[in-house]
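A.B. asks: Here it is, the structure, as structure tokens.
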Amino acid sequence: MHNRKPIYIILVCSLTIIVLTATFLLLTEQRRLVQDNLEAQSRADAAEATAVAALNQRATVESLAQSSLGTIEAERSKFADIEAEAISIAASATADAAAYAAQESLSITQTQEMLAYELALESQVLLNEQPKQFERSVLLAVEAAKRFPTVGTVQAVKDVLNLLPRHEKRISFDHEISAFAYSPNDEYVAVWDYESDTIWIYDVRREHVVSKFTYDGSIKNLNFSLTGNYIIGEDWLNDLIIVWDVVTGTEVFQYTPDNYYISHVAISSNDKYLGVATVEIVELWELVTGEKIASWPIDEGEFAFSADGEALFIVNNGVHRWEIVSGSNESLVNDEIHGEKIIFSPQKNYLFQSEYRFDYKWHHNVWSLLTGDVVSLRQPKSARLEKVVFSSDERFLAAISTEISAANGTFGFDHVQVWDVESGQLVLVFEYEGYDLAFSPDNRYLAVSLSDDTLRVWNTVNWQEVKRIGSDERIMEIAFSSDGNQLIAVQPNWRNDNGQLDVWDINVLQTELHIRHSTQPQPRTLTDVAFFPDNKVVATGGQDGTIHLWNTADGSEVLTLDHGDEVSTIAISPDGQFLLSGGANDPPRSESPPNPIRLWNLNDLNQVFTMTQNAHVSNSSFSPDGVYFLI
């Protein structure tokens, strides 16, 4: 036990040392921690102080910046005011300059328009007062628009150019044209050449001569049947009516009335009947058999077939409708109607009457065949109506009048007049001497040929002149195609004995084709025309023995062939490679065979076939395959 006490003391001392050591270490660590905390706090305080200083500095900078911005904004505002004032001054100056420039420009424009309108006015004056100076009038209007292209001058050009037509075709003849007719179906034109005693039937669409045949007489009038199958000729010298087949030229009917002057002839729409009126009677014939069917006495030499061709309208103690087959009669107007001129409207709803009465005045009336009422036309009682036509819709009636006054001894073709049929009021008066007039089938236009050698066209909406065709000769007869787009004009040309027939397209402005067979000072008659299959070339034959080929695009001559004597007929093969020509040399040239027939190869211009015959060669054609030809 005594021995254990020192060990105990050693253990206690050891534990005390350990505790003291741990305590020392703990205090040392705590001191270090405190020191670290003090250093961290110091650094935090320093950082905070730095941040505060930075914030103070930022506030100072912001304050300075705000102060600078205020100064800048104030300067900017001041500059904006100055800029606005400068812009205002500049705008005012610009406006003043623009106003001055506009005033100066307006003055220049007004001066230019004044000069332009003077040119345009001169153009219109020249156009109205000297129609034959039409080209110069156009040039003046165009020059005005070219120099000063204002609305007015451009319109002046349009007004002038709108009067220009399109010239499509021309057929020239060596002699004057004495009678003319245009078929209702637009296929054919018939022309009577009195000097050669020849009737020509020309196919307008296919542009070739269908037939031509001679007649020893003097044809006053030619008229087609409504179907275009027949042509009626009135021989005024022999007081004779002749009907020919259009294609063959065969005479199918001939009639001479007994001691009466023929006043009217017509064929029914179904080609069954022929009606002939004299001053006292209407006779009805069956066309094919030549058998007389019936006759009726009449007060005036006028009648009309119904649309179906089975009834006849007659003026006899009023106006009556007679059924041809049954013979039944319907009275349409009970009043007696007399007059120099009695004309039925196209649909047979009206009858025009022109009568010279004992009061020495002309009285012009339109009778309604539906009601029997009469409308008097507003017209000077001294005016005699020479040419009278209804529009196809029966709204208008147009006439060429002759002013006759016994008091002052005046006489002349003075007026072209148009009336509204229902009211009798005048809708157009044109003071110029006229020769012929026609309404278009669609009622859009009225065409009139005048003594100033012009043909003028008015529209029927506002009665403004829309077309004007100038000519070197008088246009004595005119006719419209069924669609109203083509207008045929006949110039007999009595001065030079070389009449011509023109076909015009009134809807466009350019000239398409203008061909004369001969350019000699005294051209010979054009005897036949044939178009090539492609329509690019046309061939013409003439009395001078030549055959000319023409370019249809520009009218230039392609080549000339010498047939020898008068060319009476020509034909082109279906492939366009060959041309057949037939002749009639009476009397023949000494060096030429009688009535030669020649077949030409157009590739090398050589004659591949030649023959003669005793008879006159009047027609020729190729078979569809081009292997055969017929003469």
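Here the sequence shown stands for residues 309 to 939, where the numbers follow our numbering. We put the CB at the ideal spot given by N, CA and C, even for glycine.
Using the beta-carbon count (16 or more within 10 Å), is residue 646 buried or exposed?
C.D. replies: Exposed, because fewer than 16 other Cβ atoms sit within 10 Å of the Cβ of residue 646.
A.B. asks: In its own chain, which residues sit with a C-beta less than 7 Å from the C-beta of residue 866, not counting the 5 before and 5 after it?
C.D. replies: Closer than 7 Å at Cβ, skipping near neighbours: 845, 857, 858, 859.
A.B. asks: Within this structure, are the beta carbons of residue 651 and residue 696 separated by less than 8 Å?
C.D. replies: It is a contact, given that the beta carbons lie within the stated cut-off.
A.B. asks: For residue 810, which of 775, 786, 792, 364 has the nearest alpha-carbon?
C.D. replies: Residue 786 is the option with its Cα nearest to residue 810.
A.B. asks: What three-state label does DSSP hand residue 317 in the structure shown?
C.D. replies: Three-state result, residue 317: helix.
A.B. asks: Looking only at its own chain, which residues have a Cβ that is under 6 Å from the Cβ of residue 498, when we skip the five neighbours before and after it?
C.D. replies: 489, 509, 530, 539.
A.B. asks: So, are the CB atoms of residue 781 and residue 813 less than 8 Å apart?
C.D. replies: Taking 8 Å as the Cβ cut-off, residue 781 and residue 813 do not qualify as a contacting pair.
A.B. asks: Output the boundary residues of the beta strand (DSSP E) element that contains residue 630.
C.D. replies: Unbroken beta strand (DSSP E) run through residue 630: 627 to 631.
A.B. asks: Count the other C-beta atoms from every protein chain shown that fall within 10 angstroms of the C-beta of residue 385, then say buried if there are 16 or more, exposed otherwise.
C.D. replies: With fewer than 16 other Cβ atoms within 10 Å, it is exposed.
A.B. asks: Hey, how far is the Cα of residue 831 from the Cα of residue 768?
C.D. replies: Note that residue 831 scores a pLDDT of 43, beneath 50, so its modelled location is shaky and nothing firm can be said.
A.B. asks: Which parts of the segment 756 to 780 are runs of the beta strand (DSSP E), unbroken and 3 residues or longer, counting only runs that do not cross its ends?
C.D. replies: Runs found: 762 to 767, 773 to 778.
A.B. asks: Hey, quick one: how far does the beta strand (DSSP E) through residue 521 stretch, first residue to last?
C.D. replies: Its beta strand (DSSP E) spans residues 516 to 522.
A.B. asks: Across which residues does DSSP place residue 855 in a beta bridge pair?
C.D. replies: In DSSP, residue 855 forms a bridge with 849, 869.
A.B. asks: Sorted by chain position, which residues of the same chain lie with C-beta nearer than 8 Å to residue 841's C-beta, five sequence neighbours on each side aside?
C.D. replies: Counting only Cβ-Cβ distances below 8 Å, and skipping sequence neighbours, we find 880, 882, 883, 884.
A.B. asks: Evaluate the contact criterion for the segment 536 to 556 versus the segment 585 to 593: three or more CB pairs, one atom per stretch, below 8 Å.
C.D. replies: Touching, no.
A.B. asks: Please state whether DSSP places residue 558 in a helix, a strand or coil.
C.D. replies: Of the three classes helix, strand and coil, the one that applies to residue 558 here is coil, per DSSP.
A.B. asks: Please go through the same chain and pick out, in chain order, the residues whose beta-carbon is closer than 6 Å to the beta-carbon of residue 576, but skip the five residues on each side of it.
C.D. replies: Taken in chain order, the residues that qualify are 613, 617.
A.B. asks: In the DSSP assignment, find the unbroken beta strand (DSSP E) run with residue 666 in it and report its ends.
C.D. replies: From DSSP, residue 666 is part of no beta strand (DSSP E); its letter is neither H nor E.
A.B. asks: Smallest Cα separation from residue 919: which of 739, 326, 907?
C.D. replies: Answer by Cα proximity: 907.
A.B. asks: According to DSSP, simplified to helix, strand and coil, what is residue 931?
C.D. replies: Residue state, collapsed to three classes: coil.
A.B. asks: Would you mind reading off the limits of the beta strand (DSSP E) that contains residue 889?
C.D. replies: Element bounds for residue 889: 886 to 891.
A.B. asks: Is DSSP giving residue 360 helix, strand or coil here?
C.D. replies: In the structure shown, residue 360 sits in a helix (DSSP, three-state: H, G or I).
A.B. asks: Rounding to the nearest angstrom, what Cα-Cα distance links residue 639 and residue 581 in this structure?
C.D. replies: Cα to Cα, the separation comes out at about 22 Å.
A.B. asks: Would you tell me roughly how many angstroms separate the C-alpha atoms of residue 632 and residue 501, rounded to the nearest one?
C.D. replies: Going by the C-alpha atoms only, they are around 36 Å apart.
A.B. asks: When you compare only the Cα positions, how much space is there between residue 574 and residue 620?
C.D. replies: Between residue 574 and residue 620, the C-alpha separation is close to 11 Å.
A.B. asks: Quick one: what does DSSP say residue 506 is sitting in, helix, strand or coil?
C.D. replies: DSSP places residue 506 in strand when its eight states are reduced to three.
A.B. asks: Apply the 10 Å Cβ neighbour rule to residue 536 and answer buried if 16 or more other Cβ atoms are within range, or exposed otherwise.
C.D. replies: Classification for residue 536: buried.
A.B. asks: In terms of DSSP beta bridges, what is residue 529 paired with?
C.D. replies: DSSP, once it has assigned bridges, lists 542 as partnering residue 529.
A.B. asks: Using the Cα positions of residue 756 and residue 737, report the straight-line distance between them to the nearest angstrom.
C.D. replies: C-alpha separation (whole angstroms): 12 Å.
A.B. asks: May I ask you to report which of helix, strand or coil DSSP gives residue 342?
C.D. replies: Here residue 342 sits in helix by DSSP.
A.B. asks: If you follow the beta strand (DSSP E) that residue 916 is part of, which residue opens it and which one closes it?
C.D. replies: Where residue 916 is concerned, the enclosing beta strand (DSSP E) stretches over 914 to 920.
A.B. asks: So residue 747 is in the beta strand (DSSP E); what residue range does that whole segment cover?
C.D. replies: Start and end: 742 to 747.
A.B. asks: Give the secondary structure of residue 840 by DSSP, where H, G and I count as helix, E and B as strand, and everything else as coil.
C.D. replies: Three-state result, residue 840: coil.
A.B. asks: Report the rounded CA-to-CA distance for residue 973 versus residue 504, giving the unit in angstroms.
C.D. replies: Lying outside 309 to 939, the shown extent of the chain, residue 973 is not represented and no answer is given.
A.B. asks: Quick check on residue 914: buried or exposed, where buried means 16 or more other Cβ atoms within 10 Å of its Cβ?
C.D. replies: With fewer than 16 other Cβ atoms within 10 Å, it is exposed.
A.B. asks: Quick check on DSSP: helix, strand or coil for residue 783?
C.D. replies: Residue 783: coil per DSSP, three-state reduction.
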